[in-house]
Amino acid sequence: MGKNGIKTRVSELFSIDYPIIQGGMIWVACPRLASAVSNAGGLGLLGSGSMRPDDLDRAIDEMHSLTDKPWGVNIPLSFKYSREHIETVIRKGVKIVFTSAGDPTITTERLKKEGIKVAHVVSNVRQAKKAESAGVDCVVAEGYEAGGHNGKDELTTMVLVPQVVSAVKIPVVAAGGIADGRGMLAAFSLGAEGVQIGTRFAVSKESCAHENYKRKVIESSDTDTVIIMRKILPTRALKNQFSLKIKKAEEEGMKEEELLSLHGELRAMKGIRDGDLEEGELEVGQISGMIKDIPSVEEIIKKIVEDYRKIKENLP
348 MGKNGIKTRV SELFSIDYPI IQGGMIWVAC PRLASAVSNA GGLGLLGSGS
398 MRPDDLDRAI DEMHSLTDKP WGVNIPLSFK YSREHIETVI RKGVKIVFTS
448 AGDPTITTER LKKEGIKVAH VVSNVRQAKK AESAGVDCVV AEGYEAGGHN
498 GKDELTTMVL VPQVVSAVKI PVVAAGGIAD GRGMLAAFSL GAEGVQIGTR
548 FAVSKESCAH ENYKRKVIES SDTDTVIIMR KILPTRALKN QFSLKIKKAE
598 EEGMKEEELL SLHGELRAMK GIRDGDLEEG ELEVGQISGM IKDIPSVEEI
648 IKKIVEDYRK IKENLP
């Protein structure tokens with residue numbers, strides 16, 4: 348860690364200057380974004396949830412060419428290629444893995460045996476305790492404000508983080524609704540030792556999201572996100588023709604099979620990668636209403652750290 352870094356158990360665990368972790372967002376967290384975050388002193392993550400095994404293989408090679416700083420791979424365990432992805436990261440010598448959306452007891456032992464540092468994303472205290480007993484190095488407590496897939500318990504970051512901190516001995520990273528130095532300081536006051544940030548990095552110069560998506564986020568207000576697929580897999584996205592159609596169908600009692608059929612496949616790809624603003628799923632956090640520009644990753648991290656320090660000094 349550099350002499351001007353922020354020292355916590357999370358920054359020490361991952362050997363990074365600042366305990367700022369970029370979310371492993373599908374169609375967003377490509378090598379260009381992840382390497383920029385790592386090069387700026389945070390921890391960049393590749394979002395493998397939108398990659399086939401050969402895509403991940405190439406992305407890992409690209410990461411090695413773009414940065415010599417620590418970085419990792421996010422693997423959603425419910426994803427159909429998760430087993431292949433686990434074998435790929437082991438074979439390619441990846442040092443850090445963040446798992447989510449599944450049972451960490453199945454994969455943690457295998458990863459740890461290979462000397463890989465493991466974090467797991469949780470949405471309630473029970474999951475956090477289970478992840479700790481599975482042997483993970485830290486947990487990411489993600490509140491319901493977050494973009495994309497969320498926990499069914501609808502716990503917000505403000506109430507989730509302190510309860511998880513009290514329940515486990517391992518370091519806790521706060522996620523959901525954090526985009527600036529104020530959010531980071533608030534998370535630390537709740538006992539977190541790191542933050543994971545998604546939407547703010549999704550709307551950066553290096554993000555691989557479509558420019559239409561970035562522009563739409565900038566134009567959004569505080570009330571422009573909605574939760575869809577609430578009973579199946581709660582997902583936070585911007586309001587558009589697609590998300591409002593799904594929400595209406597849910598409210599009218601459409602059955603699960605029909606709802607899944609109406610949702611269709613690759614909606615996030617259509618919205619985030621291809622920039623279809625009406626029929627795509629524009630996954631984004633509630634914090635989107637605060638985001639009004641498209642800076643570089645380096646500028647984002649620098650501002651977060653500066654504001655964090657300034658506000659911390661001026662607290663009554």
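If you count the sequence shown from 1, you need to add 347 to reach the working numbering.
For every residue, glycine included, the Cβ atom is placed at its ideal position computed from N, Cα and C.
In the structure shown, Lys-460 adopts helical secondary structure according to DSSP, grouped into three states. Counting along the chain, the unbroken alpha helix (DSSP H) around Thr-504 starts and ends at 504-514.
Contact between Val-550 and Lys-561 holds: CB atoms are separated by about 5 Å, below the 8 Å threshold.
A straight line joining the alpha-carbon of Gly-490 with that of His-496 spans about 11 Å.
With respect to the 8 Å criterion, Gly-541 and Ile-658 are not classified as neighbours on the basis of their beta carbons. Three or more pairs of CB atoms, one per stretch, sit closer than 8 Å, so the region 428-437 contacts the region 446-463.
It is roughly 24 Å from the alpha-carbon of Leu-607 to the alpha-carbon of Ala-556. In the DSSP assignment, Ala-376 falls outside any alpha helix (DSSP H) and carries neither an H nor an E.
The beta-bridge partner set that DSSP reports for Phe-445 consists of Asn-421, Ala-466. Taking Gly-494 as the centre and dropping the five residues before and after it, the same chain places the C-beta of Gly-545, Thr-546, Arg-583, Glu-630, Val-631, Gly-632 closer than 6 Å to its C-beta, in chain order.
Between Ser-590 and Ser-635 a beta carbon distance of about 13 Å is seen, past the 8 Å cut, so the two are scored as non-contacting. Counting C-beta pairs with one atom in each stretch, the region 643-658 and the region 603-620 have fewer than three that are closer than 8 Å, which means they do not touch. In this structure, the beta-carbon distance from Ala-521 to Val-508 falls below 8 Å.
If you look at Leu-585, you'll find it isn't in any alpha helix (DSSP H); it sits in the beta strand (DSSP E) that goes 582-585.
Counting every other CB atom within 10 Å of its CB across the protein chains shown gives Glu-604 a total below 16, marking it as exposed.
Boundaries of the beta strand (DSSP E) harbouring Leu-393: 391-394, taken from the DSSP string. With respect to the 8 Å criterion, Leu-360 and Lys-464 are classified as neighbours on the basis of their beta carbons.
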